[in-house]
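Just below is one structure, and these are the notes that go with it.
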Amino acid sequence: MVTQVNAMKVTCLQENLARGLGIVGRAVALRSTLPITSNVLIATEHGRIKLAATNLDIALSCWIGGQIEDEGAITVPARLIADFVNSLPQEKIDLTLSPRSKQLKLVCARNEATIGGMDADDFPPIPAVEGDTYELDAKILREAITQVVFSAATDDSRPVLTGVDLVVEGDVLTLAAADGFRLAVRTLKLKKKAAEKQEVIVPAKALSELNRLLQDQEDPVAMTFNANKTQVMFRLKDIELVAQLIQGTFPDYSRLIPKEWGSRAVVEVRDFLQETKIASIFARDGSGIVRITFEGGEGAAPGQMTVSARAEEIGDNEGKLDAQVEGEASKIAFNGRYLQDVLAVLDGGRVALETTGPSQPGVIKPLDNEDYVHVVMPMFVQW
Amino acid sequence: MPTIIHADLDAFYASVEQLDDPRLRGKPVVVGGSADGRGVVAAASYEARAFGVRSAMPMARALRLCLHAVRVSPRFARYGECSASVFRLFRALTPLVEPLSLDEAFLDVTGWVEDGASPRQIAADLKDEVRAQTGLTLSCGVATSKSVAKIASDLEKPDGLVVVAQGAERTFLAPMPVRALWGVGPKTDEGLAQAGIRTIGDLASCADGQALRLLGTHGVGIRDMARGIDQRPVVPERERKSVGAETTFAHDLVDGPELRAILRQSAETVARRLEHAGARASTVAIKVRYADFTTVTRQTTLAAPSSSANTIATASTELLDQLALDGAQLRLFGIQCSKLVDTAGSQGVLWEGDLRD
């Protein structure tokens, strides 16, 4: 049998190829024992040019427009072709593959380059994910991911915690992430009611990549889990992201969310974040401790929240902000980083901090909607 | 290339004593426990060193060498204060300060040099500043690496300033005895001498294989240091690793009420030091030295980190009981607490385990 030799020949615009390579480039393996995973796949598919890359944890595919003269496929070093194409002027690029030598020739304006490739057949197959599909609003999904993904664990001593727990039930999708010190939970509406309850754990890294792609996305996003729940695919306009799911059971976090509080302060998110940032400058030297005290005002006077930090033998800072305080006066200390992380993902407005004691978890939730809650464990300090 | 200063206060404890008591200035001062109590020299002023008095020498011997020396009992709290003022000046120069002890630190001043300052001038200014603000003298070694800087600071003590220019490291080190290198102790020194290696230059010319054979697993690293190659960065704020207290007895002791009282006292001292350091310890170790100088240590892990004298004393008592001393003569007992956790602020844990029933 004679292997069919395809001399791929396509033409596209520099800006489209550069954008596509930029998109899939994030999935290129940086250090891998499988050399072909540092390549990008370039292939013709249904009248368009398909670009794809995978590091075996995630795979990104992207389709760009172009003129197809001859069908074919090849893989070439991703970094090299991306750097080259990025340096070219915004003109037409002709790509021609010499199939026997596996050389890809690129011609654009004054430049003519040849890049040695590897067989497309040797490229790790990117799984076709088929199964239950849910449609989501791109903007809301992006906001939801932003609000939870930072709470996922970065060390992989407990692998499930490096993921975000996704639960589909009825017409609600719940995203949750927790690293043992804090927990973030966000719910959002699905466009259509789900037939049955589903739960998967998606690597936080994959969701961070997805978020990057959602930035300039307006069309709805389709999310598909395969039947045995080993993979998830997010389909955007002209882009697909496939990720391996994390196997295991996510902790039953519902019991970590305090049902009651003893003290509650409502403040402006922007002011609270600003004061936390300032305090953190002083907290750098002392394990990042930012102290918060708040109490109600006398009579009709508004209450006050104090955000402070001190650096041993160097200096200290105290910031005061108006607060609407209910319940007893309260004091609690947090890692300034954790506090900044959560306040930074709240989109302005007002936020409530609820506490039940200096060694009990604090709860942070935006005042204007019920769909987000963050639970953060304080630091134990001497007051 | 980095620029690193090794800053070392001269005869620190003795200098503080001379600073606080003008009558001691210009006199041989020896800081340490009393001679009849088997005390050792913690520090000696340069006037006393002229008579051959050295740190860690038994006090009795020091006072024989220098008959008119003035012995002063150490005041560690005061040394701590002085050290803090000096370190404040270090940190005003650069945040990259790696303390080695109360009187010694590495400072990374690469940024200043890149901005055009002269390494010699930076060190000279630092010495002036320390003298003006605290009255103490500082010796500085300036080089491109920690190990060369450390050797350089020792060369012109007291009040020394030695700058080793980039590229001159190897020639600078070559004539020095191998003992001057970090990581070469008396035992290694002996082994090297047997192989005919006496100077750092000799060691520098060793091949990898020979270095490994002579110096063990870290051989190549030590050999590279001999060549002036040392890329270890200045690590600011080294965390305190352990807190301890030990007592050398005035006369040998057998296990009995006196030893148990010393144990209790040591536990209280350690607890106080832990509290001072704002830390709790996870492990407790005891150290016992027999009359023949053999030393044994035993350690145990506490159920939870603690800084309580009672907990430390209980753990130490159990360890001591396990030793079965059987009337053995002892000359030293000590308690050391390690695996410290900060009490100043420890991050609370939201949950542990897998949260299932």
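Going line by line, the protein sequences match chains A and B. With our numbering, letter number 129 in the first sequence gets 125, and the count goes up by one each step, no holes. Our numbering runs 2 ahead of the 1-based position in the second sequence. We put the CB at the ideal spot given by N, CA and C, even for glycine. Just so you know, these numbers come straight off a predicted model, no measurement behind them.
Between the beta-carbon of B:V237 and that of B:E100 there is about 5 Å, and that keeps the pair under the 8 Å contact cut. Taken atom to atom, the span from the alpha-carbon of B:V32 to that of B:R25 is near 14 Å. Taking 8 Å as the threshold, the shortest C-beta distance from B:Q324 to chain A does not fall below it. Ranked by how close their Cα comes to the Cα of A:G292, the residues A:R266, A:A319, A:L76 have A:A319 in first place. For the pair of segments examined, the region 114 to 132 of chain A was found to touch the region 204 to 223 of chain A: the number of CB pairs separated by less than 8 Å reaches three.
With distances taken between CA atoms, A:I360 lies nearest to A:V263 out of A:P85, A:W59, A:Y249, A:V263.
Excluding five sequence positions before and after A:T351, the CB atoms of its chain that fall closer than 6 Å to its own CB belong to S259, S326, I328, G358, given in chain order. Pairing B:P30 with B:S47, the inter-Cα distance amounts to about 6 Å.
Between the C-alpha atoms of A:S153 and A:E271 there is a straight-line separation of about 33 Å.
For the region 352 to 372 of chain A, the set of residues with a beta-carbon nearer than 7 Å to any beta-carbon of chain B comprises S355, P357, V371, in chain order.
Residue state for A:R27 is assigned as coil, using DSSP reduced to three classes. Out of A:Q99, A:H370, A:P73, the CA that lies nearest to the CA of A:V24 is found in A:P73. Here B:R282 carries a strand assignment [DSSP, helix/strand/coil]. Straight through space, the alpha carbons of A:E11 and A:A3 are spaced by roughly 24 Å.
In the same chain as B:D210, and ignoring 5 residues on each side of it, the C-beta atoms closer than 6 Å to its own belong to V222, in chain order. The C-beta separation of A:D90 from A:V103 comes to about 4 Å, placing the pair in contact by the 8 Å criterion. By the neighbour-count definition (other C-beta atoms within 10 Å, threshold 16), A:T71 is a buried residue. A:V156 has its alpha-carbon roughly 18 Å from the corresponding atom of A:Q143.
Any Cβ of chain B closer than 8 Å to the Cβ of A:R346 would place that residue at the interface, and such an atom is absent. Taking the C-beta atoms as reference points, A:V286 is found nearer than 8 Å to A:F330.
Burial is judged here by how many other beta carbons sit within 10 angstroms of a residue's own beta carbon; A:T33 has at least 16 and is buried. Against chain B, the CB of A:F146 has no partner CB under 8 Å away; the residue lies outside that interface. Ranked by how close their Cα comes to the Cα of B:K341, the residues B:L352, B:W114, B:W353, B:A305 have B:A305 in first place. Residues of the region 310 to 334 of chain A whose Cβ lies closer than 7 Å to any Cβ of chain B, in chain order: A329, N331. For the pair B:F335 and B:N312, the Cα-to-Cα distance works out to about 18 Å. With respect to A:E65, A:V145 sits apart: the two C-beta atoms are not nearer than 8 Å. Restricting attention to alpha helix (DSSP H) runs no shorter than 4 residues, the region 23 to 85 of chain A encloses them at 74 to 83, ordered along the chain. Between A:E139 and A:L162, the C-beta spacing is not below 8 Å. Its chain contains I285, A329 as the residues whose beta carbon lies nearer than 6 Å to that of A:V377, once the 5 sequence neighbours on both sides are disregarded; these appear in chain order. Residue pairing by DSSP places A:M375 opposite B:Q349 in a beta bridge. The Cβ neighbour count for A:E192, taken over all protein chains shown within 10 Å, is under 16; the residue is labelled exposed.
In the assembly as shown, A:I277 is an exposed residue. Its beta-carbon has fewer than 16 other beta-carbons within 10 Å. The region 315 to 331 of chain B and the region 222 to 235 of chain B do not touch, with fewer than 3 CB-CB distances between them shorter than 8 Å.
Around the C-beta of A:H370, 16 or more other C-beta atoms lie within 10 Å, and the residue is accordingly described as buried. B:Q338 does not reach chain A, its nearest Cβ partner there being about 24 Å away, counting only Cβ pairs nearer than 7 Å. Within the model, the alpha-carbon separation for A:I136 versus A:Q300 is close to 33 Å.
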